[in-house]
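Each remark here refers to the structure printed beneath this line.
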Amino acid sequence: MTQDKSGWTRSEMAARAAQELQDGFYVNLGIGIPTLVANHIPEGVNVTLQSENGMLGMGPFPYEGEQDADLINAGKQTITTLPKSSFFDSATSFAMIRGGHIDLSILGAMEVAENGDIANWMIPGKMVKGMGGAMDLVAGVKRCIALFDHTNKRGESKFLRACTLPLTGQNCIDMVITDLGVFNREDNQSRFRLTELAKGISLDEVRAKTEANVIIE
Amino acid sequence: MTQDKSGWTRSEMAARAAQELQDGFYVNLGIGIPTLVANHIPEGVNVTLQSENGMLGMGPFPYEGEQDADLINAGKQTITTLPKSSFFDSATSFAMIRGGHIDLSILGAMEVAENGDIANWMIPGKMVKGMGGAMDLVAGVKRCIALFDHTNKRGESKFLRACTLPLTGQNCIDMVITDLGVFNREDNQSRFRLTELAKGISLDEVRAKTEANVIIE
Amino acid sequence: MNGKIYNSANEALADLCHNGMTVMSGGFGLCGIPENLIAALRDSKASELTVISNNAGVDGFGLGQLLETRQIKKMISSYVGENKEFERQYLGGELELEFTPQGTLAERIRAGGAGIPGFYTKTGVGTLIAEGKEHKEFDGEVYVLESALKADLAIIKAWKGDAEGNLIFKATARNFSPMMAMGGTVTVAEVDEIVPVGSLDPNFIHTAGVFVQRIVEAKCEKRIEQLTLRERA
Amino acid sequence: MNGKIYNSANEALADLCHNGMTVMSGGFGLCGIPENLIAALRDSKASELTVISNNAGVDGFGLGQLLETRQIKKMISSYVGENKEFERQYLGGELELEFTPQGTLAERIRAGGAGIPGFYTKTGVGTLIAEGKEHKEFDGEVYVLESALKADLAIIKAWKGDAEGNLIFKATARNFSPMMAMGGTVTVAEVDEIVPVGSLDPNFIHTAGVFVQRIVEAKCEKRIEQLTLRERA
């Protein structure tokens with residue numbers, strides 16, 4: 034892998050997020066970078082992946098010829114079962130999510146605010162695709178980690194004082210992992226604090242690229 | 034069967050109620066006299082009996098040695114399955130009932146009022162056993178028939194101007210069948226009308242024994 | 043006895059379709075959609091439809107077929123991102139759209155079928171979705187009131203079914219269909235296979251016959267949206 | 043891997059019981075009750091319990107055992123008619139009782155597990171049950187607001203289960219148990235048989251492992267309350 038720039042790659046971000054997985058956890062992974070977390074589950078850590086379209090115990094992608102149109106994940110990708118798998122309807126699936134039975138959700142974000150708000154479903158003026166299950170996930174899952182590039186294409190911070198886009202959920206993000214590092218907070222009344230720097234990243238760079246009022250020291 | 038008194042026997046009341054069953058109906062039968070309705074389902078009428086503890090397609094009692102403690106009806110009696118049977122949990126069972134998917138409920142009553150109110154679960158000052166599923170049934174099932182002895186042991190009418198006992202449900206009884214006859218109404222804004230006399234019963238006897246302001250002519 | 047069995051999707055819907063009706067259609071993406079019943083709904087030419095479905099199909103397939111014919115007036119969905127025709131009609135103001143979060147959608151449909159006119163949820167509190175809706179505090183947390191969804195007609199796809207309307211579903215093709223079976227005034231199911239009454243184990247019937255009024259056996263194309271494969275070692 | 047498996051009912055409850063806790067207990071009548079876990083709860087001597095269960099067992103069996111030892115402070119049930127000791131304690135003012143209609147009870151428990159703090163229902167409108175509760179009109183009809191039920195511990199009985207906590211139930215012994223599995227902060231299941239992970243068909247698992255924290259295999263007496271038989275012809 035070429036290391037022509039500093040900060041974490043998407044795969045490294047996913048690998049860092051995977052360290053938050055604990056043995057016995059039930060986890061929902063969002064579409065995009067969060068999906069990559071499944072490739073980095075630590076050895077000896079037994080994690081059960083939930084797919085909100087109605088499955089627990091998501092297995093890997095099928096080998097060619099073994100795909101089944103009736104067996105997909107929430108990203109509409111063909112997948113497989115594991116011995117522990119179970120299927121259920123959408124109401125039961127979201128009863129798991131909204132009832133607080135899922136331990137961890139890792140999801141992408143367009144913006145996260147210092148108070149834990151997240152926006153990841155809508156850009157006004159553009160065609161809106163919909164929130165899918167994201168609003169349910171951030172409102173219901175015990176712990177939510179947002180995984181996103183720290184800045185947008187114009188170099189502007191996506192970790193903000195306040196979200197400018199329509200919210201997906203209020204005060205629901207517990208940890209932020211970006212290409213620059215890890216930001217954690219003790220509870221949803223606390224401020225985020227930089228707890229880890231990505232390789233080749235300085236405190237000053239994080240300060241320069243972070244609009245949110247977070248503890249960086 | 035001895036015919037030493039006029040009016041319908043319990044079995045005859047059940048048989049009359051069974052005439053209200055239509056082909057394809059899903060029906061819930063209450064405990065007591067209503068249970069007997071199952072013995073009188075007309076030939077060629079395909080009815081599916083629901084048991085609110087989680088079964089559709091209730092079959093007859095088992096032969097000795099074939100009883101199964103895991104297979105009972107809402108009266109806690111041992112029963113059997115039919116080829117069409119299905120089992121489900123209590124929430125789904127009452128989704129059927131409260132969602133209006135059951136065509137007909139036939140249930141016993143302590144009192145029914147001329148406005149369709151029913152009381153059948155509680156006598157103040159006595160030990161209260163509980164309403165079980167009765168409140169859900171009268172509130173949710175499309176059509177409710179109350180099946181009861183027209184008078185109490187003291188000869189007093191149980192078909193009243195207004196219920197004196199705590200209600201099970203408001204304005205929910207569509208038809209009344211007693212040992213004296215059948216009382217029907219077109220909708221829940223209409224008055225009940227005597228539509229059928231039991232054998233050996235006169236209009237005057239019905240008038241004398243009915244407190245409710247119903248049409249008897 | 044034929045029970046609830048119809049010979050074709052078109053026959054099953056023949057007398058059920060009318061302009062302005064509300065239709066629930068099962069499936070997540072293209073997984074578990076009632077392909078033949080959607081085509082029959084298109085053939086019925088019923089228009090001004092309100093369609094409740096998690097997604098809107100893709101161009102020319104699934105509900106995309108009803109978009110092409112302009113039979114849909116309004117969609118109630120959680121995600122419609124796979125459909126250019128949808129985007130064109132929506133941006134052109136020809137199509138109404140009510141977004142509802144996926145879990146709220148599933149629960150609203152279940153509520154409609156279960157006699158629950160409204161329920162409270164934390165989902166969407168503080169977002170556009172909750173604007174104008176009643177809020178209420180339980181145990182110090184704020185929740186929003188969501189209302190039930192019902193439909194004149196629910197069309198769903200199951201794996202196997204019998205003449206009594208008992209159904210089982212396969213894998214993730216189940217998704218919204220069991221709730222829609224409850225939420226439709228009339229529910230029509232298409233199945234891969236009709237099996238004799240008594241051959242489905244009563245312990246493992248997913249949708250009891252009481253929720254299903256008509257059933258038809260029909261062959262599905264079962265298109266895959268995102269074929270993702272693993273390399274053989 | 044032993045996963046969620048415990049060796050005995052007493053071991054499974056050992057560190058979970060404390061005075062004043064709320065316990066959900068599955069079953070309808072004596073059908074599908076967690077006999078061994080109820081006995082283990084008795085052995086724990088935890089008292090001042092609030093017990094959520096459709097019924098209260100019979101004298102000396104099922105929850106009747108916890109009434110004899112006076113461990114129950116309050117019952118939330120729909121029907122308690124089979125129990126003389128219950129009647130004695132209730133009439134003597136030693137036991138609190140909250141009646142809730144059976145369907146409302148099932149839905150309140152499901153709501154507790156599904157993150158729904160309250161829902162509206164027609165059941166009980168105009169009766170004692172609705173007194174003092176909020177009412178609301180939907181489409182011209184009046185409904186009453188019912189609240190969710192949750193519990194510190196849910197004890198349930200299933201037919202088969204695996205080390206992941208996946209469960210299947212048999213016949214009408216299912217009743218309230220799937221909802222209680224959702225409503226308990228910790229759910230412990232006793233099963234007739236523990237089977238290897240992978241032997242339950244994923245399409246037909248009634249309760250997914252996520253809802254079950256502990257599981258134990260135990261033999262049940264399965265007492266029949268009303269043995270009713272048909273005459274052989």
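Protein chains in written order, with this note's numbering: chain B, 34 to 250; chain A, 34 to 250; chain D, 43 to 275; chain H, 43 to 275. No residue lacks a Cβ here, since even glycine has one placed at the ideal position from N, Cα and C.
Within 10 Å of its beta-carbon, does residue i have 16 or more other beta-carbons around it, so buried, or fewer, so exposed?
i, result
"D/G155", "buried"
"A/I248", "exposed"
"H/D181", "exposed"
"B/S235", "exposed"
"D/Q268", "exposed"
"A/Q36", "Only weak support exists for where A/Q36 lies, its pLDDT of 48 falling under 50; the value from the coordinates is given anyway. Label assigned to A/Q36: exposed."
"A/Q55", "exposed"
"A/R218", "buried"
"H/D243", "exposed"
"B/L213", "buried"
"D/S241", "exposed"
"A/P157", "exposed"
"D/T285", "Any answer about residue 285 of chain D is impossible in this case: the structure gives chain D only from 43 up to 275."
"A/G77", "exposed"
Among the options, which one has its Cα closest to the Cα of residue i?
i, options, result
"B/E189", "B/A245, B/L137 and B/I66", "B/A245"
"H/G74", "H/G225, H/A88 and H/I210", "H/I210"
"D/A193", "D/A213, D/A205, D/G68 and D/E263", "D/G68"
"D/S189", "D/A54, D/G207, D/Y162 and D/E183", "D/Y162"
"A/R226", "A/P75, A/V239 and A/F58", "A/V239"
"A/F94", "A/Q83, A/Q110, A/S84 and A/E85", "A/Q110"
"A/G165", "H/F70, H/G62, H/N44 and H/C59", "H/F70"
"H/F103", "H/L133, H/N125, H/Q113 and H/S89", "H/N125"
"D/Y48", "D/E235, D/T111, D/M117 and D/K175", "D/E235"
"D/E138", "D/A172, D/C262, D/G157 and D/I118", "D/I118"
"H/A277", "A/W41, A/G57 and A/Y96", "Since the first residue shown for chain H is 43 and the last is 275, residue 277 of chain H is missing from the structure and cannot be characterised."
"H/M224", "H/V65, H/E77 and H/V237", "H/V65"
"B/L115", "H/R272, H/L72, H/N245 and H/M222", "H/N245"
"H/L147", "A/E144, A/F127, A/G133 and A/W41", "A/F127"
"H/N97", "H/E90, H/L91 and H/L105", "H/L105"
Could you give the residue range of the alpha helix (DSSP H) that holds residue i?
i, result
"D/L79", "E77 to S86"
"H/Q131", "K126 to L133"
"A/N61", "No alpha helix (DSSP H) holds A/N61; the beta strand (DSSP E) holding it covers Y59 to L62."
"A/A241", "L236 to K242"
"D/S67", "No alpha helix (DSSP H) holds D/S67; the beta strand (DSSP E) holding it covers T64 to S67."
"A/M46", "R43 to A51"
"B/A172", "A167 to G173"
"B/M129", "S123 to R131"
"D/Q107", "G106 to E110"
"H/A223", "S219 to G225"
"A/T253", "The structure shown has nothing for residue 253 of chain A, since chain A only spans 34 to 250."
For the beta strand (DSSP E) containing residue i, list its first residue and its last residue.
i, result
"H/A196", "A193 to G203"
"A/G214", "G214 to N217"
"A/A146", "E144 to A146"
"B/T114", "T114 to F120"
"A/M155", "No beta strand (DSSP E) contains A/M155, which DSSP labels as neither H nor E."
"D/I94", "L91 to I94"
"H/E183", "E183 to S189"
"H/E179", "H177 to F180"
"B/L89", "M88 to M91"
"B/E229", "R226 to L230"
"B/A179", "R176 to L180"
Does residue i get closer than 7 Å to chain F when you measure Cβ to Cβ?
i, result
"H/F180", "The structure shown has no chain F; the protein chains it does contain are B, A, D and H."
| task | May I have a chain-ordered list of the beta strand (DSSP E) segments no shorter than 3 residues that lie completely inside the stretch 231-265 of chain D? | result | Runs of the beta strand (DSSP E) inside the stretch 231-265 of chain D: 256-259.
| task | Would you mind listing the beta strand (DSSP E) stretches within the stretch 134-168 of chain D that are 3+ residues and don't spill past its ends, in chain order? | result | With a minimum length of 3 residues, the continuous beta strand (DSSP E) runs that stay inside the stretch 134-168 of chain D are 138-141 and 160-163.
| Interface positions of the stretch 148-171 of chain D facing chain H (Cβ-Cβ less than 9 Å), listed along the chain | Those would be E149, A153, A156, G157, I158, P159, G160, F161, Y162, T163, K164 and T165, in chain order.
| field | Residues in the stretch 243-273 of chain H having any Cβ partner in chain B nearer than 8 Å | value | Along the stretch 243-273 of chain H, going in chain order, the ones with a CB nearer than 8 Å to a CB of chain B are P244, N245, I247, A250, G251, V252 and F253.
| field | Within 7 Å of chain A by C-beta, residues of the stretch 220-242 of chain D in sequence order | value | Considering only beta carbons, the part of the stretch 220-242 of chain D lying closer than 7 Å to chain A consists of M224, V239 and G240, in chain order.
| said: Counting only Cβ-Cβ distances shorter than 7 Å, please list the residues of the stretch 112-127 of chain D near chain B, keeping chain order. | reply: The residues in question are S119, S120, Y121, V122 and G123.
| request: Return the residues of the stretch 59-75 of chain D that lie within a Cβ-Cβ distance of less than 9 Å from chain B, sorted by chain order. | output: Cβ contacts with chain B come from F70, G71, L72, C73 and G74.
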